[in-house]
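Those protein sequence lines, which keep their order, are chains A and B. Its first residue numbered 703, the first sequence is counted upward by one per residue in this note's numbering. Its first residue numbered 6, the second sequence is counted upward by one per residue in this note's numbering. The structure appears below as structure tokens.
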Amino acid sequence: MWYLCVFYHRLLEYRRPEVESLAGLFDASIDSTATLQWSLPVDYHSDSPFHLVNLPSEELAQSIASRSILVKGIYEIWGEGRNFEELEEAIKSYPDDRKLPYLTPGSTFKINVDSFGKALSSHEQKDRLQKLSFIPFEGRVNLRNPEHKFCLMDNDVCGSNNGLAPIVQSRIFFGREVAVSDRKLLQTYQLKSRKYLGPTAMDAEMAFLMANLAQVKPGKLVYDPFVGTGSILVAAAHFGAMTMGADIDIRVVRDGRGPDCNVWSNFKQYGLPMPISLLRADNNLPPWRSGLKEVFDAIICDPPYGVRAGGRKSGGRKLLKGIIDPYTVPDDKRTGHIPSTAPYSLVECVHDLLDRAAKMLVIGGRLVYFYPILRDDNSIDTTFPEHPCFKLVAVCEQILSFRYSRVLLTMVKVAPYTEDIELAAKMKHLEFRENHVKWLEEGNLHSAVFSPLETQVNGVSEKSSSKPKYRGKYV
Amino acid sequence: MTDWRSASRAQIQLDSPEPDHRADHSKNKVQFEWLKLKYEDKLRRMRLLTHNMLSSNIKGVTNGFPLLIEVEKVVEKAVDFNADFLRNMFAMIEWNALVEASRTVGYSELPENAESSMLDSDEFLQKFHHALLELHLEEGALVCPETGRKFTVNKGIPNMLLHEDEV
């Protein structure tokens, strides 16, 4: 059945993939790589918060809304139209057997009046409500605890550029509320009240979205190879998963900022079960035993892109200076030796991540990670990393600055990790090792993001003044 | 009206029985240290599940699994029981390594051999759960069986990073 899915006007590209992922999570019969059927109300832009979605059952709609971060509510539409006359006609022609059970004499009800992009005064609300008097409500009004809730919604058109999606013509919707979401958990988990934070701690809303896209649920094992302060695992643990994390920086995973301010304390703060393990390990040379595979149900991470924080890998000095001579640690200095690390280019980091995930994820397991892209006009059709074991199911962009944005990629493991793939990955690993310096130069996002603007050719100045007015992805 | 500062001072005096007794100060401090230790015990953990997944990845080492355990301090801590998780994990566990590791840290209840049919027994699951998740190596080391290289475990975090010449 088709439902009206109303979203929060945020993170626009993340909204449909989140619902699809949750549909797959709650209904095992939905193929996890398939997409749901979507459509838009007549005249509407896909950036508008009103979307129509075909879901197999009302229970599924309720489950999705209860878990979703970006869904505001899901409604069964009784009627819609460009104006109240059309709305009335539509509601009257909606089948009675769908309406009457909710209008019975003994029941209680409430109608919410809402307009997207505009605050309605109580007077305006009352005006609009009175136009619904043709609906034969027989129950009593109860604003506190009604049995049935209805909603009258429209999209304000004020013509001017108010940052909202351009729509040709507004529509009015009237429907029965099937489920509404609860974003209270974002307040509980907001970063400003978290004890231990790092410079790239993942925002709570995004961390929960990542957990939803990774289909995290109780009893699943979730791994973050760049765990840092644990902000992504906190979200996964909230949804009941067992968590594991690794980081190359031992000060972050082991010490934090003292006994009551570290990764463990972040879990304790919310009463969540502790991670199963935290370890100091290198994503380039992970310490997993060779026979270990298909262990994790999801790998969720935010790799270091080299803009705010750069990646490091083991095997320092000799690579840094380009010296081929073997570097040796004297025997008497082995205990307590602090190994140096080398910079880790994004290309190599993502290669390692995909290869490792292909091996360590169960079939049907999900890899959810951020990938940075430069926002030149030339690179509109960016190609994303690929792997024979994975199918890319969602690409969601979040614009970070004028120069670059990051894209959340959701991949599902669809094929087993074979020996051929392992061999190819090993060859690539050696190639990276040999041409370390070259890759560092090529994958240097930092200079592209922070270099002065003049370097971009002179003609650009005129372009930047005629920036498109509507930039929906910014929200 | 009472100033808030004096109000809170009065509150403190109510809470502590002998507020002016300086001699008790050191005792309080000791207790505080002890509490802190106890608190840390609760948090820091390297479990045998982790041990079962790790190996020595030093260049040239062909059989770096299982790592030997050098125990300095082991802590036991109850963890919520989840049978489904255990059943999922069973398939990937190297049983002999788990038995050996649990003996090293002082738990010898696990049977020598295990097969998936045993997962129906609640008694077995409880033992498996205890060995896998409730025994924590807090201080010690994991030792490479081939080279003897020690990977230290400090505050429950195994340090698996290789030296420059081991990469």
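Note that beta-carbon positions come from the ideal geometry of N, C-alpha and C, so glycine has one too. None of these values were measured; they are calculated from a predicted model.
Based on the DSSP output, what are the partners of residue i in its beta bridges?
i	result
A/Ser1003	The sequence shown places Cys at residue 1003 of chain A, not Ser. According to DSSP, which records beta bridges pairwise, A/Cys1003 is partnered with A/Tyr1071.
A/Phe941	Answer is none; A/Phe941 lacks a bridge partner.
A/Tyr705	A/Val755
A/Cys1098	A/Leu1110
A/Ser979	A/Met946, B/Met51
A/Trp990	B/Leu59
A/Ala1045	Position check: residue 1045 of chain A holds Pro in this sequence, whereas Ala was assumed. DSSP output for A/Pro1045 lists A/Arg1014 as bridge partner(s).
A/Arg842	A/Thr810
A/Asp984	Beta-bridge pairing links A/Asp984 to no other residue.
A/Phe1086	A/Phe1086 is not bridged to any residue.
B/Thr157	B/Ala146
A/Phe876	A/Gly781, A/Leu854
B/His141	B/Arg52, B/Val80
A/Phe998	A/Leu1063
B/Leu73	B/Val148
Should residue i go down as buried or exposed, given a rule of 16 or more other Cβ atoms within 10 Å for buried?
i	result
A/Val744	exposed
A/Lys1061	buried
A/Thr1207	Nothing about residue 1207 of chain A can be reported from this structure: the residues present for chain A run from 703 to 1177 only.
B/Leu42	Its pLDDT being 45, under 50, B/Leu42 is placed unreliably by the model, and the measurement read from it follows with that caveat. Counting Cβ neighbours within 10 Å, B/Leu42 comes out exposed, since fewer than 16 surround it.
B/Ala106	buried
B/Arg154	buried
A/Pro719	buried
A/Val1139	exposed
A/Glu778	buried
A/Val843	exposed
A/Lys922	buried
B/Leu138	buried
B/Glu81	exposed
A/Phe1184	Past the boundaries of the shown model lies residue 1184 of chain A; chain A is included only from 703 to 1177, so the question cannot be answered.
A/Pro989	buried
A/Met912	buried
A/Phe1104	exposed
B/Lys64	exposed
A/Met703	exposed
B/Glu169	buried
A/Lys894	exposed
A/Thr890	exposed
A/Asn914	buried
Where does residue i sit, in a helix, a strand or coil, going by DSSP?
i	result
A/Gln892	coil
A/Ile1065	strand
B/Pro163	strand
A/Val815	strand
A/Asp745	coil
A/Tyr777	strand
A/Ser857	In the sequence under discussion, the amino acid at residue 857 of chain A is Asn, which differs from the Ser named in the question. A/Asn857 falls in the strand class under three-state DSSP.
A/Lys828	helix
B/Glu128	helix
B/Asp29	Legend: pLDDT at B/Asp29 = 46, less than 50; position of this residue unreliable, value from coordinates given subsequently. Helix at B/Asp29.
A/Leu738	coil
A/Lys1115	strand
A/Glu787	helix
A/Leu1076	strand
A/Asp1034	helix
A/Lys1093	strand
A/Leu974	coil
A/Tyr716	helix
A/Tyr925	strand
A/Ala821	coil
B/Thr152	coil
B/Glu171	helix
A/Val882	strand
Taking 7 Å as the line, does the beta carbon of residue i fall inside it for any heavy atom of the ligand GTP?
i	result
A/Tyr716	You won't find the ligand GTP in this model; it holds no ligand whatsoever.
For residue i, return the contacting residues in chain C, with the cut-off set at a CB-CB distance below 7 Å.
i	result
B/Phe70	Included in the structure are the protein chains A and B, with no chain C among them.
Subject >> Inter-stretch contact (C-beta, 8 Å, three-pair minimum) for the stretch 749-767 of chain A and the stretch 788-805 of chain A >> reply: At 8 Å Cβ cutoff, the stretches do not touch.
**OP:** Report yes or no: do the stretch 759-773 of chain A and the stretch 877-888 of chain A share at least 3 C-beta pairs separated by less than 8 Å?
**Re:** As far as the Cβ criterion goes, the stretch 759-773 of chain A touches the stretch 877-888 of chain A, which means the pair count is three or higher.
Original post:
At what residue ranges does the stretch 80-127 of chain B contain a whole run of the alpha helix (DSSP H), taking only runs of 4 or more?
Top reply: Assignment of alpha helix (DSSP H) within the stretch 80-127 of chain B, counting only whole runs of 4 or more residues, yields 88-95, 100-109 in chain order.
Original post:
Are the stretch 109-128 of chain B and the stretch 66-77 of chain B in contact at 8 Å, needing three or more beta carbon pairs?
Top reply: Counting C-beta pairs with one atom in each stretch, the stretch 109-128 of chain B and the stretch 66-77 of chain B have three or more that are closer than 8 Å, which means they touch.
**OP:** Report yes or no: do the stretch 1038-1056 of chain A and the stretch 1118-1138 of chain A share at least 3 C-beta pairs separated by less than 8 Å?
**Re:** In this structure the stretch 1038-1056 of chain A lies against the stretch 1118-1138 of chain A, because at least three pairs of beta carbons, one per stretch, are closer than 8 Å.
Original post:
Hey, is the stretch 844-856 of chain A in contact with the stretch 811-821 of chain A, meaning 3+ C-beta pairs nearer than 8 Å?
Top reply: Verdict: yes, contact present.
Original post:
Are the stretch 961-974 of chain A and the stretch 923-938 of chain A touching by the rule of at least three beta carbon pairs closer than 8 Å?
Top reply: The stretch 961-974 of chain A is in contact with the stretch 923-938 of chain A.
Subject >> Segment contact, 8 Å Cβ cut-off, at least three pairs: the stretch 118-129 of chain B with the stretch 144-158 of chain B >> reply: A contact between stretches requires three or more CB pairs, one per stretch, nearer than 8 Å, and the stretch 118-129 of chain B fails this requirement with the stretch 144-158 of chain B.
Original post:
At what residue ranges does the stretch 1127-1155 of chain A contain a whole run of the alpha helix (DSSP H), taking only runs of 4 or more?
Top reply: If you keep only unbroken alpha helix (DSSP H) runs of at least 4 residues inside the stretch 1127-1155 of chain A, you get 1138-1144, 1147-1152.
**OP:** Decide if the stretch 899-909 of chain A is in contact with the stretch 817-836 of chain A; the criterion is three or more beta carbon pairs, one per stretch, under 8 Å apart.
**Re:** No: the two stretches stay apart, fewer than three of their Cβ pairs being nearer than 8 Å.
Original post:
Is there contact here, the stretch 997-1011 of chain A with the stretch 1067-1080 of chain A, by at least three beta-carbon pairs under 8 Å?
Top reply: Between the stretch 997-1011 of chain A and the stretch 1067-1080 of chain A, the count of Cβ pairs shorter than 8 Å is three or higher; the stretches touch.
**OP:** Tell me, please, whether the stretch 129-143 of chain B touches the stretch 86-97 of chain B by the rule of three or more beta-carbon pairs shorter than 8 Å.
**Re:** The stretch 129-143 of chain B makes contact with the stretch 86-97 of chain B: 3 or more CB pairs, one atom from each, lie closer than 8 Å.
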